[in-house]
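Taken in sequence, the protein lines are chains W and D.
Residues 467 to 684 (my numbering) are what the first sequence spells out, left to right.
Residues 12 to 490 (my numbering) are what the second sequence spells out, left to right.
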Amino acid sequence: MSSRDTILQRLRNRSGGNLTAPNCDFSVLERPDWPVSERIAMFEKNIESVHGEVHHCTEETWLDRLAEVLSTRGARNLLVPKEHEIGLKLRSAVEREDLPNLLIYDEPIESWQSVLFNDVDAGITSTRGGIAETGSLILWPTADEPRLMSLVPPVHVAVLYASDIYTTFHEAMQVQDWGAGMPTNALLISGPSKTADIEQTLAYGVHGPKELIVLIIE
Amino acid sequence: MSETAEHSPHHIDVKEFHPRAQAAIHNPKIRQNFRKAMDGLMTKRKSAFEGWDLETLRDLGANIRLRALANLPDLLEQLEQKLTENGIKVHWAVDGDEACRIVRDICKARDAKTVIKGKSMVSEEMELNHYLEEQGIEALESDLGEYIVQLAGETPSHIIMPAIHKNTDEISELMHEKTGTDLSHDVEYLTASARLQLREKFMNADVGVSGVNFAVAETGTLCLVENEGNGRMTTTVPPCHIAVTGIEKVVPNLEDVTALLALLTRSATGQHITTYFNMISGPRKPDELDGPEEVHLVLVDNGRSSIYQDDELLDTLRCIRCGACMNHCPVYTRVGGHTYGTTYPGPIGKILMPHLIGLDEGRHLPTASSLCGACGEVCPVKIPIPDLLVRLRQESVDGDKLHPAKVRGHGAKRGAVEAMVWKGWSWMHAHPGMYRFGTSMAARFRKLQPGQIGGWTQYRTAPKLAPKTLHERLKERGQ
Numbered sequence: 467m468s469s470r471d472t473i474l475q476r477l478r479n480r481s482g483g484n485l486t487a488p489n490c491d492f493s494v495l496e497r498p499d500w501p502v503s504e505r506i507a508m509f510e511k512n513i514e515s516v517h518g519e520v521h522h523c524t525e526e527t528w529l530d531r532l533a534e535v536l537s538t539r540g541a542r543n544l545l546v547p548k549e550h551e552i553g554l555k556l557r558s559a560v561e562r563e564d565l566p567n568l569l570i571y572d573e574p575i576e577s578w579q580s581v582l583f584n585d586v587d588a589g590i591t592s593t594r595g596g597i598a599e600t601g602s603l604i605l606w607p608t609a610d611e612p613r614l615m616s617l618v619p620p621v622h623v624a625v626l627y628a629s630d631i632y633t634t635f636h637e638a639m640q641v642q643d644w645g646a647g648m649p650t651n652a653l654l655i656s657g658p659s660k661t662a663d664i665e666q667t668l669a670y671g672v673h674g675p676k677e678l679i680v681l682i683i684e
Numbered sequence: 012m013s014e015t016a017e018h019s020p021h022h023i024d025v026k027e028f029h030p031r032a033q034a035a036i037h038n039p040k041i042r043q044n045f046r047k048a049m050d051g052l053m054t055k056r057k058s059a060f061e062g063w064d065l066e067t068l069r070d071l072g073a074n075i076r077l078r079a080l081a082n083l084p085d086l087l088e089q090l091e092q093k094l095t096e097n098g099i100k101v102h103w104a105v106d107g108d109e110a111c112r113i114v115r116d117i118c119k120a121r122d123a124k125t126v127i128k129g130k131s132m133v134s135e136e137m138e139l140n141h142y143l144e145e146q147g148i149e150a151l152e153s154d155l156g157e158y159i160v161q162l163a164g165e166t167p168s169h170i171i172m173p174a175i176h177k178n179t180d181e182i183s184e185l186m187h188e189k190t191g192t193d194l195s196h197d198v199e200y201l202t203a204s205a206r207l208q209l210r211e212k213f214m215n216a217d218v219g220v221s222g223v224n225f226a227v228a229e230t231g232t233l234c235l236v237e238n239e240g241n242g243r244m245t246t247t248v249p250p251c252h253i254a255v256t257g258i259e260k261v262v263p264n265l266e267d268v269t270a271l272l273a274l275l276t277r278s279a280t281g282q283h284i285t286t287y288f289n290m291i292s293g294p295r296k297p298d299e300l301d302g303p304e305e306v307h308l309v310l311v312d313n314g315r316s317s318i319y320q321d322d323e324l325l326d327t328l329r330c331i332r333c334g335a336c337m338n339h340c341p342v343y344t345r346v347g348g349h350t351y352g353t354t355y356p357g358p359i360g361k362i363l364m365p366h367l368i369g370l371d372e373g374r375h376l377p378t379a380s381s382l383c384g385a386c387g388e389v390c391p392v393k394i395p396i397p398d399l400l401v402r403l404r405q406e407s408v409d410g411d412k413l414h415p416a417k418v419r420g421h422g423a424k425r426g427a428v429e430a431m432v433w434k435g436w437s438w439m440h441a442h443p444g445m446y447r448f449g450t451s452m453a454a455r456f457r458k459l460q461p462g463q464i465g466g467w468t469q470y471r472t473a474p475k476l477a478p479k480t481l482h483e484r485l486k487e488r489g490q
């Protein structure tokens, strides 16, 4: 008999007999229907407590703010999505001198891995929303915004629409109907990469980005 | 090496708990390192649940786990079907050795020479690193704590914070000696050095191996909780990703994950959430530009299906591996994780390991507890750890009529003298004449009572028998 059948048979022919499944009441996860302003405030407080940096912008101002944020960090280049409107808008602003070089992730990682790991200073991605209660960003990487964009460069800039901030993870999942089908990879990101493995001392940027910058568009 | 030969584990004699405990208690460095860390973690956990209806949330956590276990075989089949539809290959292993061979075969098929690993306690159970090295495959840990422990040639001393037994000085010396970094107290510098050292390895590894925190049957999704980003690197950069997990980690729905995640990170490190919550539902699709070409899941039994047979012991399988029980355990806090000599230390280890290694090996584990109840009180899924410790203590002396022993190696702690003493005791209590005679003799000859009674008098004075028995005194009072 295969290991699969051995294991399943042992579980099915349990000597203790059938088990009853208790009911699960998820109402403890429910929160009041907070207005957007309150959700933004809570999101900001929580993500800042884990070293995330929040900037409040509008459709008109986010480009300026981004240029400012990147130039104070001396970023030489920025990895942008090829088709997403964020990328399109940035690329149409190519005459601006305060923006760094724009790079596009448009070929398989194998052909340019060492460049991504060694020479890219920052990456910008969209988000599918935010979670106020934990200060988290929801990312579903795509062919246009691959997984490593938000992981390998030392600075990750995320664009979040204030109207997409949910109160809890539970709410976000229900409203967006995740159960209907998941992408190859989905992520919650709450702050830059960190560790406390050396004597409980927090250090940022251990394997992923050292900085996470969120541009909230209101 | 033949197919069936078991690979040799590095030998730590689990039975030698007591000498190791003595050594740890007399090691001020170990005690300081653990004390400092665990005190901090207890405070952080408490404040992380402020404003939550913690008891109701714990009830929900327990019910989610119980519901999953009630439907375990069906859920595993559903998970397998969904994962397969998603393009993830599923493998089943009855024990650690078979799981190791599955990982090896996947590596061999890809001609892989190097493996990079995210944190996985099941792979510690399997002693995967050791096995792969024997097969000529390099296996490198990428979680900073695991990396440090691996550099030192040790095993993790805590399931969440593997290198908690070392302080910055010790880690600095270790990294200097093994990797050539400068000696430094600057944690940022040490962390940045490890980042540089491991980045090369992520890029060049042929296979990435990770654990799984929750496997969702509804959508065929593997969930991973981490802070460092090494877990994402491991599961994204190498062309092949192998996840290994115990069969109990499956849950029916994505919704279940929201409650368990809230409990897990707060209980473990007092974080509202970790930096990354990574949900993997398939290998790279044709139009995608990164991610592994192949994803495998190895479902490991390794004793879990036998725990599953017993209604009471089954509760052990609810565990979501947060480590809160060890953080709050007065024994763990004083002796540290290595003292136990087992993959899982502390209270959860004391109830889980006897199933995995048998009570003949693990006979001292259930008694390494003061039964203070802290572990049961903090457990986010309400595992009645103290009750299970008592049950396993009974099993270690071969159970009683109500609880026939079930765990392998039961009766290992039964001593002929102790058994005789208890037999005599129960006989005496069943015969009133003998009881009166015996107690009055004991009172009369109380001067002959020994002043030293084994372990009891090591830290306490021996109790003295009263000059008169209770029966005699009550008689005197005319009652």
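The C-beta atom is built at its ideal place from N, Cα and C for all residues, glycine as well.
For THR667/W, the C-beta contacts it makes with chain D under 8 Å involve THR179, VAL198, in order along the chain. Annotation for GLY334/D: no beta strand (DSSP E) segment contains it, and DSSP assigns it neither H nor E. With respect to the 8 Å criterion, MET290/D and CYS333/D are not classified as neighbours on the basis of their beta carbons.
Per DSSP, the continuous alpha helix (DSSP H) segment holding CYS111/D begins and ends at 107 to 120. By the C-beta density criterion, PHE448/D is exposed, having fewer than 16 other C-beta atoms within 10 angstroms. Contact between the region 263 to 272 of chain D and the region 210 to 223 of chain D is absent: fewer than three C-beta pairs spanning the two stretches fall below 8 Å. In the three-state reduction of the DSSP assignment, GLY357/D falls in the helix class.
Sequence-distant Cβ neighbours of ASN178/D in its own chain, meaning closer than 6 Å and more than five residues away, are ASN44. Inclusion of VAL625/W and SER592/W in the CB contact set at 8 Å is warranted, their separation being smaller than that value. Residue nearest to PRO250/D within the set THR276/D, ARG277/D, LYS296/D, HIS283/D is LYS296/D (criterion: CA-CA distance).
Taking a Cβ-Cβ cut-off of 9 Å, ILE682/W has no neighbours in chain D, whose nearest Cβ is about 19 Å from it. Within chain D, the C-beta atoms nearer than 9 Å to that of ASN489/W come from ASN74, ARG78, in chain order. Here LYS189/D carries a helix assignment [DSSP, helix/strand/coil].
When the five nearest sequence neighbours on each side are left out, the beta carbons in the same chain lying within less than 6 Å of the beta carbon of GLU152/D are those of LYS128, TYR158, GLN161, in order along the chain. In this chain, HIS375/D is not harboured by any alpha helix (DSSP H), its DSSP state being neither H nor E.
Taking a cut-off of 8 Å on C-beta distances, the region 540 to 560 of chain W touches the region 583 to 592 of chain W, as three or more cross pairs fall below it. ARG505/W counts as buried, since no fewer than 16 other beta carbons sit within 10 angstroms of its beta carbon. Note: THR591/W is bridge-paired with ALA624/W in the DSSP secondary-structure output. Secondary structure of THR125/D (DSSP, three-state): strand.
The region 346 to 365 of chain D makes contact with the region 28 to 42 of chain D: 3 or more CB pairs, one atom from each, lie closer than 8 Å.
The DSSP-derived three-state label of ILE170/D is coil. If you draw a 10 Å sphere on the C-beta of MET445/D, you find fewer than 16 other C-beta atoms in it, and that means exposed. When the five nearest sequence neighbours on each side are left out, the beta carbons in the same chain lying within less than 6 Å of the beta carbon of GLY420/D are those of GLY369, LEU370, ASP371, in order along the chain. With its beta carbon less than 8 Å from one in chain W, LYS296/D belongs to the interface. CYS234/D has PHE225/D, MET290/D as its beta-bridge partners, per DSSP. With respect to the 8 Å criterion, VAL418/D and SER380/D are not classified as neighbours on the basis of their beta carbons. Only buried fits TYR287/D, as 16 or more other CB atoms lie within 10 angstroms of its CB.
DSSP places THR269/D outside any beta strand (DSSP E); the residue lies instead in the alpha helix (DSSP H), whose first and last residues are 265 to 280. Shown here is that no member of the region 541 to 566 of chain W has a Cβ falling below 8 Å from a Cβ of chain D.
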